[in-house]
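Comments concern the structure below.
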Amino acid sequence: MALPFLESMVPAATPLAQTAATPKTRFGAIYFPHGATMYKWTPEKEGTGFEFSEILQPLEPFRNYVNVISDLSHPQAYGSGSATANHNRSAAAFLSGAHGKEGPEAYLGITMDQAAAQKIGQDTPLPSIEMAIEGATLSCDGLSCAYRNTLSWQGPTSPLPMQNSPQVVF
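Residues 2 to 171 (our numbering) are what the sequence shown spells out, left to right.
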């Protein structure tokens, strides 16, 4: 069992920045593939003095480190085709802002999480972790299944597979 960082583990007079306890910048993104009740995720007031909604309440102790960004949209997430195709395209546009092209071959571009991982993830054992809560079970409906089955792309033709088993990730 690993112990949490304890000050007694650091030699006397060693600056915190030279220890393993140095704070690291992190980035996290949560995608809602089937929509969400947004008023439960959106504070009623703008600025720093907002009241956390019920669903955001667990983040209250981290108020000074949390930004709640609302009312965003991705025009590139929509196009011709069925609602299923637009759901697939929406997943592709979430972190890329790009429009997933029609057809069986995927072509998108690097996603913002991977751009961030290149800059801030190099001091960590795993610069990027892609996780999902469900397996790929739905139709791809005329688009590459890569658009639906991953949110992260290292490059135009390099989707990163997501893992939906926390045990496997651990």
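Built from N, CA and C at the ideal position, the CB exists for glycine as well. From a predicted model like this one, the values you see are computed outputs, not experimental measurements.
Could you give the distance in angstroms between the alpha-carbon of residue i and the alpha-carbon of residue j?
i	j	result
F171	S129	14 Å
Y79	Q115	23 Å
N65	Q58	14 Å
L73	I111	20 Å
L60	F33	19 Å
F51	E106	45 Å
V67	V169	29 Å
D142	S91	13 Å
Which two residues bound the contiguous beta strand (DSSP E) that contains residue i?
i	result
Q123	Element bounds for Q123: n/a, residue is neither H nor E.
Q77	Counting along the chain, Q77 falls outside any beta strand (DSSP E), and DSSP gives it neither H nor E.
Flag this pair as yes or no: are the beta carbons of residue i and residue j separated by less than 8 Å?
i	j	result
Y108	P157	yes
Y148	A99	no
K41	E55	yes
S89	G101	A quick correction: the sequence has Asn, not Ser, at residue 89. The answer is yes: Cβ separation under 8 Å.
P160	W154	yes
L127	M113	no
In this structure, does DSSP put residue i in helix, strand or coil?
i	result
M132	strand
L144	strand
P160	strand
E61	helix
For residue i, decide whether its Cβ has a neighbour in chain D, counting only Cβ atoms nearer than 8 Å.
i	result
L144	The displayed structure is made up of one protein chain only, and chain D is not part of it.
Would you give the residue range spanned by the alpha helix (DSSP H) that residue i belongs to?
i	result
Q168	167-170
Quick test of your reading: residue i and residue j, contact by CB under 8 Å. State the CB separation rounded to the nearest angstrom.
i	j	result
T151	E131	7 Å
A117	F63	About 19 Å separates the two Cβ atoms, so there is no contact after all.
T49	S71	Not confirmed; about 15 Å, so no contact.
I121	T26	5 Å
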